[in-house]
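Protein chains in written order, with numbering that gives the first Met the number 0: chain A, 0 to 556; chain B, 0 to 556.
Worksheet for the structure shown next.
2 protein chains.
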Amino acid sequence: MSQGRERSFWGWGYADRFPDEGARRAIGEQLAALLGLSRAPTPLAPPTLDAIDMPPPSVTPDATIAGFASVDRRERALHTYGRGYRDLLRGFSGDFRAAPDIVLRPRDEPDVLRAMAFCRRARVALVPFGGGTSVVGGVEGGASRGRFAGVASLDLRRMDRVLEVDVTSRAARIQAGATGPRLEEQLRARGLTLRHYPQSFEFSTLGGWIATRSGGHFATLYTHIDELVESVRMVTGSGVYETRRFPGSGAGPAPERLVIGSEGIFGVITEAWMRLHARPRFRSRASASFTRWEDAVEATRAIAQSGLYPTNCRLLDASEAALNFVADDGSHVLLLAFESADHDGVAAITRGAAIAEEHGGRVSKIVHRQGEEQADEAASAAWRAAFLEAPYLQSTLVSLGVIADTFETACTWAAFPAMHRAIVDAVERAMRESCGGGRVQCRFTHVYPDGPAAYYTFVTQGRPGDELAQWATIKRAASDALSLHGGTTTHHHAVGRLHRTWYDRERPVPFGDALRAVKATLDPAGIMNPGVLVDPPSGPGRSSFPPPPGDGRSPLG
Amino acid sequence: MSQGRERSFWGWGYADRFPDEGARRAIGEQLAALLGLSRAPTPLAPPTLDAIDMPPPSVTPDATIAGFASVDRRERALHTYGRGYRDLLRGFSGDFRAAPDIVLRPRDEPDVLRAMAFCRRARVALVPFGGGTSVVGGVEGGASRGRFAGVASLDLRRMDRVLEVDVTSRAARIQAGATGPRLEEQLRARGLTLRHYPQSFEFSTLGGWIATRSGGHFATLYTHIDELVESVRMVTGSGVYETRRFPGSGAGPAPERLVIGSEGIFGVITEAWMRLHARPRFRSRASASFTRWEDAVEATRAIAQSGLYPTNCRLLDASEAALNFVADDGSHVLLLAFESADHDGVAAITRGAAIAEEHGGRVSKIVHRQGEEQADEAASAAWRAAFLEAPYLQSTLVSLGVIADTFETACTWAAFPAMHRAIVDAVERAMRESCGGGRVQCRFTHVYPDGPAAYYTFVTQGRPGDELAQWATIKRAASDALSLHGGTTTHHHAVGRLHRTWYDRERPVPFGDALRAVKATLDPAGIMNPGVLVDPPSGPGRSSFPPPPGDGRSPLG
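See the structure below:
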């Protein structure tokens, strides 16, 4: 399962990717220069498995689950948190009091049924676990410890096969535990690809993507995993919920849409038929630089509303562009690309570039490529490497006492300018007041005819021991600002336990009632991922943020 | 509301469009030639309002609803049925025993609340009514008469305004009762258009489209109204269910998707923010003729999977092509078109035509047009006229004793060949056995990368008095065949009361449970459009088809 390489029990990805002290010291010095700090942050020593604070397990596997259950310390540590900033910080500090009591790794769907039956009998909360890359507390079952006899983490990664490929209809039946590389590797032989590349691609799983409505590679049209799901199969406490394979239907409310985004509260997604693409043979790309942010936004809006549907349409503000080595002259940069297995993108990118020029953009040379994607295609390889490297960097920064996090939203084009100003103002003010300053930057990850999905990164220096409170101040300021100005709580990071406060405000009240009714129907024992999306019947009316100390969730809060 | 012209109380559209006896006789003679009948069918006299069979109303409006309530005979007749074949037949025969007791025409949302409160108090079933063009029994509240003190039809057409336009984000807030022409006329001034043209466009309403997941103009991408709904507002028995305006979101299961397709069982849709398009200025079109059906299907599949996303991609089998005067040489014809407000479709249609040729298609001259759509643009005007004329023709055929109906589905490309053969075989056999013969033909109305939406028309001669049973035999054969071979019960005609048997089979069982739970939550009084999508708690476990005689639904069945 570990593919031969050990995962870090507290940080992002593979353990051997965590830099040594010398390398971290150098990164600290670079960062001090970037943020204008008076002195470089000092690398702190990472936790060791022996020294972490973890209670003994309160659950003992019985014979029905013994074949795939573990109460091993390392396994439990690996399944305690996701990989959001809070998680990294708590993990780095050695706080694993929220660890699950038991980790279950089902080999097949009957094992999933056994796991559910065991948890029902034993009054154990059951938390589906894919890659464990949630940044919103989606897999942190320990938060509910008090109300259950224990907490089980259900790791689906043994169920990682492509079971069937329908080349004619370009679809495949794939088990929920397949990671991005695992499923792409199996599809490649058939000339097909899912082309869904969230930043967590290396580790996250199909089931996780569906449960959280993850956002992927395509800047337009197929932005979320939602559109790629042809049918889905979920095991629930009241039977198997399996939708049929239809390219489209008008028969009642879409049954798959109730599963997509359900974040494990109804049941366990075990497999799905996914819509695939032929591997692209034509690629065209260009970039446009803008002096004024407003012009860049207008150009992006015009392209989003043009009907050209670019594969990539990523707008980076000047700070993002500089940090990603895309521009160093203070320009905002729009990256535009088209790809196709069928036809060249000459007409499309020419028109896209013209729109950018009409809005004051300085357009780079347009580059066309043809043929199978090459592993060594320098530019895209560099971009992908940097993209996949970013979460590793965040773990490193945590070890330097640096607060670095991202958040994202989407709103209408009309709402965007005011929302953006409000977010930047709120985050800068929060960083100034709680950390003495910091940096916030923005990019568009996806665009729609009616609005952009805006993604923000902030970086600031924390005070040792105060980081969680400082971070919570910034996070709250950001979420309040975006929510107040018409942004959604999350465009693709999901709700989990972290975003409940704002999700509860955004969601239509009767829809909350509906979700609770559905949960009571599909999860009558009330054991599935408790606390996510809706409160348990006996729980508080609203989630609190940040969680109060002593509830097992966030002792640093 | 009637826009100065009177609607037929039993047939399609405007009353003055029903042909006189001479014209109908001529149509009967043409049809006899087409179907190879030994003698032309005789026109029967249409019903008169005075002579129809309609019970007196059992509901008396109180002061709270008096300002917008009516028990007028004509009003009640107009709201008894939709306009499916069964409806036309029963209406033509003068059977209005299923009439609602009262018709409510709310002027605004407070009136809707008054209507719901009245119905709750009086134990009256409440059936939302838009254009009354359902072909699946979606507005036939009389079917539930026995379980309630009466039945009210809630006609939303007074609420027909565009309330707000966001030109920047290309969206508008529109009241649910606006018909196609009403909303397009209000949007035109802003240079925008919804471009959703179901065949019922003239009469059906935005709220009806959303409630039934109607299919529209675009053959790809924006096929259903679903994709065009930015946010929706629904009044329910437990509060207002209003989703927020987001271009995209990943926050929990999509709340709007539970409303879209809910067919009035949860509440009353009162308005929605809809995604709009700029009015197209560039149009390119071509057609391709194929000798072999299989080649035509493969060409269409290749185009659907090409990423070209044509606006129109309609494949007509030889019989459809002949009947629509598109080809008279036995060819199957693919109609291909691109439209855009931003850029010409030269590259796209050239590639689309090349794909058709690669699959053995003989491609017509490609035609490009530029500039505002002209009212007198002959070809499209002719097509639109014929498209909008078809439902009128069906009413005329009913008056000639001819059984003519359509049904539709969608399945994967892999499943299509076998499903198509099974459908054609089943329908031909049913027509042969119950009517002595008849004609069935097929077209694709929409196409997806993973499969087509196939639309079938059948025409045969009925035996006077037996038509409903004959039709039911054919309909059952068709639905059984498509359902058995991987087709959805409906791609865009909805479920209503007609398709319940097959919908119940297709829907995941736990999703049925979930729908019932949601209905109990949002419609605690259980008065909203009873019998549609789910059975009432006290009702039968499964709907029967055709409905047994004497239950007020279908005395002819």
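Idealized CB from N, CA, C, for every residue including glycine.
Keep in mind the model is a prediction, meaning the values are calculated, not measured.
- Valine 423 of chain A has its alpha-carbon roughly 40 angstroms from the corresponding atom of arginine 73 of chain A.
- As summarised for the segment 75-139 of chain B, the continuous alpha helix (DSSP H) elements at least 4 residues long and confined to that stretch are 84-91, 108-121, given in chain order.
- In the DSSP assignment, glycine 238 of chain B falls within the unbroken beta strand (DSSP E) covering 238-241.
- Distance between threonine 349 of chain A and isoleucine 365 of chain A, taken at the CA atoms: about 8 angstroms.
- The alpha carbon of threonine 63 of chain A has as its nearest neighbour, out of A:Asp52, A:Arg119, A:Arg244, the alpha carbon of A:Arg119.
- Taking the C-beta atoms as reference points, threonine 444 of chain B is found no nearer than 9 angstroms to histidine 498 of chain B.
- In this structure, B:Ala151 is the residue among B:Glu427, B:Ala151, B:Leu315 with its C-alpha nearest to the C-alpha of serine 57 of chain B.
- Listed in chain order, the alpha helix (DSSP H) runs fully inside the segment 391-451 of chain A are 415-434, counting runs of at least 4 residues.
- The beta carbon of alanine 50 of chain A lies closer than 8 angstroms to those of Gly93 in the same chain, with the five residues before and after it left out.
- 9 angstroms or more divides the Cβ of isoleucine 354 of chain A from the Cβ of valine 446 of chain A.
- With a minimum length of 4 residues, the unbroken runs of alpha helix (DSSP H) contained wholly in the segment 1-67 of chain A fall at 20-34.
- Of all residues in the segment 190-222 of chain A, only Thr211, Arg212, Ser213, Gly214, Leu220, Thr222 place a beta-carbon less than 8 angstroms from a beta-carbon of chain B.
- With contact defined as three or more Cβ pairs closer than 8 angstroms, the segment 72-88 of chain B and the segment 132-139 of chain B are in contact.
- With 16 or more other Cβ atoms inside 10 Å of its own Cβ, arginine 232 of chain B counts as buried.
- Going by DSSP, aspartate 479 of chain B is part of the alpha helix (DSSP H) stretching over 466-483.
- The residues Cys312, Leu314, Leu333, Phe443, Val446, Pro451, in chain order, have a CB closer than 8 angstroms to that of threonine 299 of chain A in the same chain once the five nearest residues on each side in sequence are set aside.
- Bridge pairing for tyrosine 454 of chain B: B:Glu407, B:Arg442 [DSSP].
- In its chain, beyond the 5 residues on either side, Thr219, Leu220 have a beta carbon closer than 6 angstroms to the beta carbon of tyrosine 308 of chain B.
- Taking all protein chains in view, the Cβ of glutamate 319 of chain A is crowded by 16 or more other Cβ atoms within 10 Å, so the residue is classified as buried.
- If you look at valine 150 of chain A, you'll find it in the beta strand (DSSP E) that goes 149-154.
- Judged by DSSP in its simplified three-state form, serine 286 of chain B adopts strand.
- Rounded to whole angstroms, the gap between the alpha carbons of histidine 216 of chain A and tryptophan 11 of chain A is 21 angstroms.
- For serine 237 of chain B, a Cβ of chain A is located within less than 9 angstroms of the residue's own Cβ.
- Interface criterion not met: the Cβ of isoleucine 365 of chain B is under 9 angstroms from no Cβ in chain A.
- Residue contact with chain A for arginine 506 of chain B: present (Cβ-Cβ distance below 9 angstroms to some residue of chain A).
- For alanine 298 of chain B, the enclosing alpha helix (DSSP H) has its first and last residue at 292-303.
- Here glycine 206 of chain A is near alanine 175 of chain A, since their CB atoms are less than 9 angstroms apart.
- Glutamate 338 of chain A sits buried, since 16 or more C-beta atoms from the chains shown fall within 10 Å of its C-beta.
- Listed in chain order, the non-local C-beta contacts of histidine 367 of chain A below 6 angstroms within the same chain comprise Ser283, local neighbours out to five positions each way being set aside.
- Interface criterion met: the Cβ of proline 509 of chain A is under 9 angstroms from a Cβ in chain B.
- In the assembly as shown, proline 109 of chain B is an exposed residue. Its beta-carbon has fewer than 16 other beta-carbons within 10 Å.
- With 16 or more other Cβ atoms inside 10 Å of its own Cβ, threonine 204 of chain B counts as buried.
- Using a CB distance below 9 angstroms, the part of the segment 165-182 of chain A facing chain B consists of Asp165, Val166, Thr167, Ser168, Arg169, Ala170, ordered along the chain.
- One thing to note: asparagine 528 of chain B has its Cβ within 9 angstroms of the Cβ of valine 126 of chain B.
- By the neighbour-count criterion, in which 16 or more other beta carbons inside 10 Å mark a residue as buried, alanine 453 of chain A falls on the buried side.
- Taking a contact to require three or more Cβ pairs closer than 8 angstroms, the segment 426-443 of chain A and the segment 472-487 of chain A qualify as touching.
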